[in-house]
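Here is the structure we will look at.
Residue numbers (our numbering): -18 to 85.
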């Protein structure tokens, strides 16, 4: 996973101070049936700025998905970061939890 942020942001300062990150993705609709049908996945890992020698290759891939961000990510003040996921936690049917650990 990749993310882009300006180096002057609190987000970048936090990532620099503590590289641990989590990302929650879910399909809740805020309806009562969510207790039966909703799923959520949390990705846990570490973020780091992409090395200068890798930036061009990763930036090209990033822009394939987000071409509208070309000016933003091409700015010298923009940091392109990578998230190395170490574990996924999936919750479905409200209480069923599955954890998947990624081998290094």
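For every residue, glycine included, the Cβ atom is placed at its ideal position computed from N, Cα and C.
Check: Sequence-distant residues of its chain with Cβ nearer than 6 Å to residue -18 (five each side left out); Outcome: 64
Check: Residues bridged to residue -17 [DSSP beta-bridge criterion]; Outcome: 63
Check: Beta-carbon proximity of residue 67 to residue 83, cut-off 8 Å; Outcome: yes
Check: Inter-residue spacing [alpha-carbon to alpha-carbon] between residue 55 and residue -3; Outcome: 20 Å
Check: Integer-rounded CB distance, given that residue 41 should sit under 8 Å from residue -7; Outcome: 22 Å between Cβ atoms; not a contact.
Check: Of the residues 85, 75, 80, 81, the one placed nearest residue 9, counting alpha carbons only; Outcome: 75
Check: Given residue 29 as reference, the closest of 80, 38, 78, -16 once Cα atoms are compared; Outcome: -16
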